[in-house]
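Participant:
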Amino acid sequence: MILRDEIFNPFFIGRYIGKQYFCDREKDTETLVRHILNGRNVALISPRRLGKSGLIRHTFAQDAIKDRYTAIYVDIYATKDLREMVKALSEAIVKAVGQKKSWHEKFFTFIKSLRVGFHLDAVSGEPSFDIGIGDIENPDRTIRELFDYMEASEKPCILAIDEFQQIREYPQTNTEAFIRSLVQQCSRTSFIFCGSKRHTMTDIFYSPAKPFFQSVISQSLKPIPMETYVEFAGRMFSQRGKILDRAAAETIYRMFDGCTWYMQMMMNEMFALTKEGMICTIEYIDFAWDNIIMAQEDRYQTILYGLAPKQKQLLQAIARDRTVEGITSSDFIKRHRLVSASSVQAALKPLLKNDIVTCEDGIYRIYDYFFADYLAKKH
Ligand SMILES: Nc1ncnc2c1ncn2[C@@H]1O[C@H](COP(=O)(O)OP(=O)(O)OP(=O)(O)O)[C@@H](O)[C@H]1O
Ligand SMILES: [Mg+2]
C-alpha cells in the first residue's frame with residue numbers, strides 16, 4: 000500500500016515532525032528517558048548536526064515523558080548575554096505551558112517582573128506574551144522567578160538548554176556559577192544541557208575547578224549505524240511508491256560519515272527527484288548534490304563576503320585538501336601560499352568560532368560538506 004501523507008517528502012531538515020519520520024535512536028532515547036525518570040541531570044554532547052536537538056524532541060514525544068512532565072526546550076545559540084538568555088527562557092516556558100487555559104494566572108503570580116509582556120487580545124480575549132529585551136530590567140531576578148515557577152509547576156518540568164556552551168561567551172563572568180546555584184536549588188526540575196563544542200562542554204562539566212563539576216551524567220551521540228539508516232531511507236521511499244537503490248543509500252551514508260543532517264538533505268533531494276514507481280539510483284547523487292549547492296549558493300557567498308582575505312584564503316586551502324592535519328606545518332603553508340604559521344592561527348580563530356571550520360582530534364575540515372565542495376570546485 001502506498002502511503003499518501005499530507006507531507007509528501009518524508010525527509011525532514013531542521014524540524015521534528017513525529018516518530019514516523021524519525022530514524023532509530025531507540026537506545027539513545029531509552030537512555031535519556033531513563034535519566035529523566037530517575038531525576039538525573041544530563042550533559043548531552045556530540046558534534047554538530049548529528050541529531051542532538053532531534054533526540055531531545057523525540058524524547059519529549061515519548062509517552063513516558065509527555066504525559067508526566069512539562070517539557071521545555073530552549074536554544075541559546077543566538078544569545079549574547081544573560082538578559083537574552085532570560086528572554087529566550089521565558090518565551091520557551093510560555094511556549095510549553097501556553098496552551099493550557101488560564102496559564103497566565105499562575106505564570107504572572109511568580110514572574111512579576113515580566114508582567115509588561117502580557118496582553119489580552121481585545122477581540123478574542125486570548126492571552127499573549129511579548130517582551131522586548133529592554134523589558135528585562137533585572138535578569139538575575141527574572142531568572143530566579145522563572146526557576147521558582149518551574150519548581151512550582153503542576154507536573155515536574157524538564158528544561159533542555161540547547162547549545163549550553165554559549166554561556167561561556169557571555170560577558171558576565173559569574174554566569175556559570177549563578178546558573179549552577181539555581182540548578183542546585185531545584186528538587187523537581189530535571190535539566191538537559193546540550194552542546195556541540197566538546198572542548199568547552201567538557202571543561203564546563205569535567206573540570207574540578209568549575210561550578211558544574213560532577214553535577215551531571217553525560218551522554219554522547221554517535222552516527223546512526225549505516226544498516227539502520229539505509230533501511231529507514233529505503234522504507235521511506237518504498238512506503239510512498241518509490242525505490243531507493245541500496246548502493247545509492249550506502250554511498251550517501253559514506254559521503255557524510257553518517258552525519259544525519261547532510262544525509263537527510265541529500266535524501267530529501269533524491270526523493271524529490273524520483274518519480275513514483277521509479278528507482279533512485281546512484282546516478283541521482285550528482286544531480287541532487289548540484290541542486291543543493293545551487294540552492295545554498297547565495298548563503299555561501301554571503302559567508303565568503305563577510306570574511307577577511309586571509310580567512311578566505313585559509314578556508315580555500317582547507318577546502319582543497321578536504322581534511323588538514325598539520326594546519327600550521329610548513330608543508331601546508333607553502334603548498335597553499337599562505338603567509339606564516341601565526342597568520343594561519345589568527346585567521347583560523349574566527350573560522351572555528353563561527354563554526355565554519357571544525358577540529359576533531361587535531362584534524363581540521365570545513366563543517367558543511369556542501370560548502371567545502373563548493374569552495375574546492377569554484378574557487
Ligand atoms: N533520527 C533522526 N531521523 C531523521 N532525521 C533526523 C534524526 N535526527 C536528526 N534528524 C534531522 O537531522 C538534522 C540534524 O539534526 P539536529 O538538528 O537534531 O542535530 P544537532 O546535533 O542538534 O545539530 P546542531 O549542532 O546544528 O544543533 C535535522 O534536520 C533533523 O531534523
Ligand atoms: Mg541542535
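Taking numbering that gives the first Met the number 0, the leading residue of the sequence shown gets 0, the next gets one more, and so forth. For glycine and all other residues, C-beta sits at the position ideal for the given N, C-alpha and C.
Please report how far the alpha carbon of G276 lies from the alpha carbon of K241, in whole angstroms.
Facilitator: For G276 and K241, the distance between alpha carbons rounds to 5 Å.
Participant: Using a Cβ-Cβ cut-off of 8 Å (strictly less than) and excluding sequence neighbours within five positions of Q263, which residues of its own chain qualify?
Facilitator: The answer, listed in chain order, is F10, F11 and I12.
Participant: Excluding sequence positions up to five away, which residues of its chain have a Cβ less than 8 Å from the Cβ of G325?
Facilitator: Excluding positions up to five away in sequence, the list reads F331.
Participant: Hey, is the segment 246-262 in contact with the segment 40-52, meaning 3+ C-beta pairs nearer than 8 Å?
Facilitator: Yes, they touch.
Participant: Tell me which residue opens and which closes the beta strand (DSSP E) that R364 is part of.
Facilitator: First-last of the beta strand (DSSP E) with R364: I362 to I365.
Participant: Report the option in L314, F369, A375 and D320 whose CA atom is closest to the CA atom of A345.
Facilitator: Selected option, being the one with the closest Cα: L314.
Participant: Taking the straight line between their C-alpha atoms, what separation do you get for I433 and R321?
Facilitator: Not covered by the structure: residue 433. The range shown for the chain is 0 to 378.
Participant: Could you check what DSSP says for V122 in three-state terms: helix, strand or coil?
Facilitator: In the structure shown, V122 sits in coil (DSSP, three-state: anything other than H, G, I, E or B).
Participant: Ignore the nearest five residues each way along the sequence and tell me which others in V96's own chain have a CB closer than 8 Å to its CB.
Facilitator: Around V96: T69, W102, F106 and S152.
Participant: Can you tell me which of the three DSSP states E282 falls into?
Facilitator: E282: coil per DSSP, three-state reduction.
Participant: Put E104 into one of helix, strand or coil per three-state DSSP.
Facilitator: Three-state DSSP puts E104 in a helix.
Participant: Please find out if some non-hydrogen atom of ligand 2 comes closer than 7 Å to the beta-carbon of S217.
Facilitator: No, ligand 2 has no heavy atom inside 7 Å of this Cβ.
Participant: Given that a residue counts as buried once 16 or more other Cβ atoms are within 10 Å of its Cβ, and exposed if not, what is H118?
Facilitator: Answer is exposed; the Cβ neighbour count stays below 16.
Participant: Indicate, with yes or no, if ligand 2 has a heavy atom lying under 7 Å from the CB of K51.
Facilitator: Correct: K51 has its Cβ closer than 7 Å to ligand 2.
Participant: Can you give the Cα-Cα distance for A159 and D80, rounded to whole angstroms?
Facilitator: In a straight line, the C-alpha of A159 is about 18 Å away from that of D80.
Participant: Please list the terminal residues of the continuous alpha helix (DSSP H) segment that includes I92.
Facilitator: Here the alpha helix (DSSP H) through I92 covers L81 to V96.
Participant: Taking the alpha-carbon positions, what's the S123 to K65 distance?
Facilitator: Their backbone Cα atoms lie some 29 Å apart in a straight line.
Participant: Short check: CB of S217 to CB of I44, under 8 Å?
Facilitator: Closer than 8 Å, so yes.
Participant: Tell me which residue opens and which closes the alpha helix (DSSP H) that G233 is part of.
Facilitator: Looking at the DSSP string, the run of the alpha helix (DSSP H) that includes G233 is M225 to S237.
Participant: Considering only DSSP beta bridges, list what Q218 is partnered with.
Facilitator: Note: Q218 sits in a beta bridge opposite L43.
Participant: At what residues does the alpha helix (DSSP H) containing S52 begin and finish?
Facilitator: That run of the alpha helix (DSSP H) goes K51 to F59.
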